[in-house]
Amino acid sequence: MNKEYLVVFDIIDEGYKYYSSFVFDSLMIIAAILFLFMSRKWKPFLIIGIACVLVFILALFSDLTMFMEHNTFKNLLKSGKCEVVEGKVSQFQPMPEGGHPMESFSVNSIKFSYSDFIDTNGFNNTTLRGGPMKEGILVRIHHSGNNILKLEIIK
Numbered sequence: 029m030n031k032e033y034l035v036v037f038d039i040i041d042e043g044y045k046y047y048s049s050f051v052f053d054s055l056m057i058i059a060a061i062l063f064l065f066m067s068r069k070w071k072p073f074l075i076i077g078i079a080c081v082l083v084f085i086l087a088l089f090s091d092l093t094m095f096m097e098h099n100t101f102k103n104l105l106k107s108g109k110c111e112v113v114e115g116k117v118s119q120f121q122p123m124p125e126g127g128h129p130m131e132s133f134s135v136n137s138i139k140f141s142y143s144d145f146i147d148t149n150g151f152n153n154t155t156l157r158g159g160p161m162k163e164g165i166l167v168r169i170h171h172s173g174n175n176i177l178k179l180e181i182i183k
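Letter by letter, the sequence shown follows residues 29 to 183 of our numbering.
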């Protein structure tokens, strides 16, 4: 019997979802540098400007790290070098409205956890926000560690 799968999440199809953060942080660095040039004569503004530049450089570094991780995950999935687990969802714990603890479940003793409130390149759509996961459904998951790169539900 051939199994038919419904693709619920695929990192390749999703694309990178944090471009707005990257653009915002880049614009803030430019604004902070302009602020520095305009406020060279007054030391408190100079210190604030330097602090802003450093903070937004760190934020931009974080954005670039997320972008590189996204590309790594895409390449793992495309090349078939990610791990794959198939089976029944067990130990499902939906995320409560407060966001703690994270939603979690296991498939063949491999545990996954995620939250709507944590930025990740992998699947993180909880049942609280209409996500598909529930106890006992049959799934196939392509993953890298705890990061779900592709989630398929057996029809």
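We treat Cβ as the ideally placed atom computed from N, Cα and C, and that holds for glycine.
Proximity of residue i and residue j at Cβ, strictly below 7 Å
i	j	result
D53	F95	no
A60	V81	yes
I169	L156	no
N152	H98	no
F36	P160	Looking at the sequence provided, one finds Val at residue 36 rather than Phe. Against a cut-off of 7 Å, the Cβ pair of P160 and V36 comes out as a contact.
S104	S49	Just to set this straight, residue 104 is Leu in the shown sequence, not Ser. No; because the gap between Cβ atoms is not below 7 Å, this pair is not in contact.
M130	S143	yes
I182	Y33	yes
G108	N136	no
K102	I39	yes
6 Å CB neighbourhood of residue i in its chain, flanking five on each side removed
i	result
M56	F84
F63	G77
Sequence-distant residues of its chain with Cβ nearer than 8 Å to residue i (five each side left out)
i	result
D147	Y46, M94
F140	S132, F133, S134, I169, H171, N174, I176
Q121	P129, E131, S132, F133
D91	Y46, S49, F50, D53
Status (buried if at least 16 other CB within 10 Å, exposed otherwise) for residue i
i	result
E163	exposed
N175	buried
T100	exposed
I75	exposed
F89	exposed
D41	exposed
Close beta carbons around residue i, own chain, < 7 Å, minus the five adjacent residues each side
i	result
C110	L104, H170, H171, S172, L177
Y44	F95, H98
* In chain order, which continuous runs of the beta strand (DSSP E) of length 3 or greater are located wholly inside the region 101 to 174? -> 111 to 121, 131 to 135, 138 to 142, 166 to 172
* Unbroken alpha helix (DSSP H) runs of length 4 or more, entirely within the region 43 to 69: which are they? -> 47 to 66
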